[in-house]
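Residue numbering for the sequence shown follows UniProt numbering, starting at 1 and increasing by one per position.
Glycine residues also receive a C-beta, built at the ideal position from the N, C-alpha and C atoms.
Please read these numbers as outputs of a predicted model, since none were measured by experiment.
These notes are about the structure you will find just below.
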Amino acid sequence: MLKNSDTVSNKGENAPLPVPSPSSTSVADVAPTLALAATSPTLKAPIGVIVTAKDSSVSVEDVKEKVKSSNVPAGLPAAERGTAAREEYGYIVTNQSPLSLYDGVKLLELLAERIHLTTSSFINISVVGPALTFRIRQNPQNMSAEDVAEKAGEKEPVCLSVCLSLSLSLFSPLALSDGSSGLVLTLVSMACVGGVVVVALTIACLRHHTQQPASGKLGLGPEGGPETHFDYQELCRQHMAAKTSLSRQEAVGVGAGGRRGTDTSRVSSVSSQFSDGPQHSPSSHSSTPSWSEEPAQSKMDISTGHMILAYMEDHLKDKDRLMKEWNALCSYQAEPSAVTVGQSESQLEKNRCPESLPYDHSRVKLKAESNSTKEDYINASIIIDHDPRLPAYIATQGPLAHTIADFWQMVWENGCTVIVMMTALVEDGETQCVRYWPDEGSSLYHIYEVNLVSEHIWCKDFLVRSFYLKNVQTQETRTLTQFHLLSWPANGIPTSTRPLLDFRRKVNRCYRGRSCPIIVHCSDGTGRTGTYILIDMVINRMAKGAKEIDIAATLEHIRDQRPSLVHTKDQFEFALTAVAEEVNAILKALPQ
């Protein structure tokens with residue numbers, strides 16, 4: 001009901017109750033409240049309901065008298081004046097022009113809530129310009145439009161939340177003339193057009209919204225957005241600035257088998273955008289890359305670094321001590337150590353080497369319902385550092401021709417964004433790993449479409465490929481990066497640790513602390529794979545500020561999760577040397 005401070009404007013007593021135009025009053029100078037009252041049903045002109053300014057002083061009774069003195073509301077066509085009422089219509093004039101059908105319905109919902117009617121009681125709802133018109137249908141409460149006004153007038157004024165606060169009135173049109181029929185048709189037509197526009201805008205907004213996540217996912221995996229892709233581009237810019245002194249032809253010679261003339265990798269089809277042009281090449285036997293990078297920032301303090309470095313140097317100098325430690329590692333037995341799934345007859349053909357099988361308790365399990373053979377087995381193991389909820393690596397064998405789809409399924413289901421490949425495709429005439437990516441363009445492996453976006457030669461020791469991965473069932477897309485090391489022979493170790501350390505820094509720069517595991521594989525997924533994981537895990541622990549580093553204990557830890565990681569004593573010694581050199585580089589970078 002109207003409060004003493006809520007008033008209507010002072011008009012003459014016999015003047016008809018006006019319907020304010022949308023431009024007559026602004027939202028800023030109108031109190032956002034509704035005041036309602038009622039009259040007798042015998043009157044030709046029913047009640048007016050109006051939102052008013054707070055600076056006048058007319059009571060509810062004055063409003064009723066104004067309505068009684070008026071035969072019809074102002075603004076009705078002359079042809080409709082002076083005839084007996086048959087149907088009661090309501091109309092709302094708002095300060096929104098044009099008024100959207102959505103906002104009009106929201107206003108009716110507010111009114112229905114106040115008088116305890118359902119919104120279905122309002123019929124013949126139309127919107128034209130700033131106005132909304134409606135009728136009250138037969139309802140369980142047997143309320144007419146007049147009753148609606150009377151009941152609403154018994155409630156306290158309410159605040160409107162959608163800025164629809166200029167005027168609310170009721171009128172009683174007579175038998176429809178030809179002109180009024182045209183008006184109704186116009187209102188209905190405009191309502192239909194408005195509805196179509198609203199639906200079209202809604203569809204457009206939804207399509208735009210659904211395209212946003214898809215484009216965001218092109219930044220390497222479900223977690224990363226575009227950041228990793230930008231990291232990759234940054235690496236490219238660094239390499240361009242460094243001007244590697246290796247020509248594309250020499251890289252092709254080293255690419256496939258670690259020696260010249262054995263070309264089985266797609267180095268010759270590198271995107272022209274990454275070409276540095278012909279340059280003078282160093283010796284193909286050089287183990288030093290043409291560019292390098294400083295170690296990442298580390299939380300390791302100087303005293304801890306010197307202690308770790310001294311420990312590593314003692315091990316490396318004392319060959320007997322190193323041999324005893326290696327022998328102790330060889331006698332270590334992991335528990336549990338069952339490999340029954342990998343040994344089963346149905347899975348034997350999925351293993352490259354029958355001696356290199358995953359433990360049952362730590363093997364990667366595929367979703368059988370999504371697998372081409374409806375099985376969950378792949379020769380791959382989950383490797384945890386310290387948090388079982390966040391696996392750090394997946395150690396796996398190089399895919400076979402009939403397990404490529406399984407490999408990409410594993411990549412997809414684990415949300416991996418980085419693949420570390422530690423082997424050439426062919427070494428000494430023996431296949432180490434099949435090409436599980438397209439030579440160019442795209443290839444479909446079961447339900448996973450793999451598109452080779454770019455292939456970039458960083459130096460003679462490794463190259464980088466960027467892939468666009470799509471699940472054709474869900475239409476979801478991701479990107480990921482493969483780092484391919486070429487300078488580690490199958491039955492030996494690199495002549496220098498520096499290429500591997502540079503390689504590892506590039507991998508970690510791209511990975512950048514994501515929570516998904518890094519996939520690491522060589523041929524059988526044990527020797528070179530285990531050595532890389534051991535080196536990376538130890539250096540990462542040091543970078544996080546660990547005070548004690550025990551490489552032998554760390555090796556036992558990862559061997560608890562996959563057998564035979566780090567095959568030989570030479571590989572173990574190489575890991576010690578790599579860690580020592582990285583610690584030395586970190587110490588040099590620390591402020592003295």
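In the DSSP assignment, threonine 554 falls within the unbroken alpha helix (DSSP H) covering 551-559. Taking 8 Å as the upper bound for CB-CB distance, tyrosine 436 and phenylalanine 407 are in contact here, some 6 Å apart. It is roughly 11 Å from the alpha-carbon of leucine 485 to the alpha-carbon of aspartate 502. Taking asparagine 451 as reference, the option from Thr417, Leu469, Leu357 with the minimal CA-CA separation is Leu469. The C-alpha of valine 411 lies about 10 Å from the C-alpha of cysteine 516. Here valine 507 is actually not in contact with glycine 530; their C-beta atoms are around 16 Å apart, not less than 8 Å.
In the structure shown, valine 93 falls within a strand segment according to DSSP collapsed to helix, strand and coil.
Per DSSP, isoleucine 493 is not a residue of any alpha helix (DSSP H), being assigned neither H nor E. If one requires a minimum length of 4 residues, the alpha helix (DSSP H) runs lying completely within the stretch 302-343 are 302-317, 319-330, 340-343, in chain order. Asparagine 451 sits in a strand when the DSSP states are folded into three classes. The continuous alpha helix (DSSP H) containing leucine 587 extends over residues 569-589. Just measuring C-alpha positions, the residue of Lys374, Asp536, Tyr359 sitting nearest serine 381 is Tyr359.
Per DSSP, reduced to three states, the secondary structure at arginine 528 is helical. Residue burial annotation: leucine 206 is exposed, with fewer than 16 other C-beta atoms found within 10 angstroms of its C-beta. Assigned with DSSP and collapsed to three states, serine 120 falls in helix. The residue among Asn371, Ser126, Val434, Ser523 with its C-alpha nearest the C-alpha of glutamate 413 is Asn371.
In this structure, arginine 389 lies away from serine 523, with their beta-carbon atoms at least 8 Å apart. Excluding its 5 nearest sequence neighbours in each direction, proline 336 has C-beta neighbours in its own chain below 6 Å: His361, listed in chain order. Straight through space, the alpha carbons of glutamate 556 and tyrosine 332 are spaced by roughly 8 Å. In terms of Cβ geometry, isoleucine 394 and valine 426 do not form a close pair [threshold 8 Å]. The beta-bridge partner set that DSSP reports for tyrosine 468 consists of Asn451, Thr479. Non-local C-beta neighbours of alanine 578 in its own chain, meaning closer than 7 Å and more than five positions away in sequence, comprise Thr497, Leu500, Leu501, Ile535, ordered along the chain. The beta-carbon separation of threonine 526 and serine 487, rounded to 19 Å, does not stay under the 8 Å limit for a contact.
CA-to-CA, the gap between leucine 357 and valine 339 works out to about 7 Å. Rounded to the nearest angstrom, the gap between the Cα atoms of valine 198 and alanine 204 is 10 Å. For valine 411, the enclosing alpha helix (DSSP H) has its first and last residue at 404-413. Non-local beta-carbon contacts of cysteine 433 in its own chain, meaning distances under 7 Å to residues more than five positions away in sequence, involve Gly398, Pro399, Thr423, Leu425, Ser523 in chain order. Note on geometry: alpha-carbon atoms of alanine 490 and lysine 569 lie some 14 Å from one another.
Fewer than three beta-carbon pairs drawn from the stretch 318-334 and the stretch 342-352 are found closer than 8 Å, and the two stretches are therefore not classed as touching. With distances taken between CA atoms, isoleucine 404 lies nearest to Ser443 out of Ser443, Asp387, Val420, Glu369. Rounded to whole angstroms, the separation of the alpha carbons of proline 591 and glycine 429 is 49 Å.
Residues of the same chain with a CB within less than 8 Å of the CB of isoleucine 123, apart from the 5 flanking positions on each side, are Phe134, Arg135, Ile136, Arg137 in chain order. Residue pairing for valine 426: DSSP places it in a beta bridge opposite Thr431. When the alpha-carbon of glycine 441 is set against those of Ala543, Ser454, Cys459, the nearest one is in Ser454. Here DSSP, grouped into helix, strand and coil, assigns asparagine 371 to coil.
Leaving aside the five residues that flank glutamine 571 on each side, the residues in its chain whose CB is nearer than 8 Å to its CB run, in chain order, Ile493, Gly527, Arg528, Gly530, Thr531.
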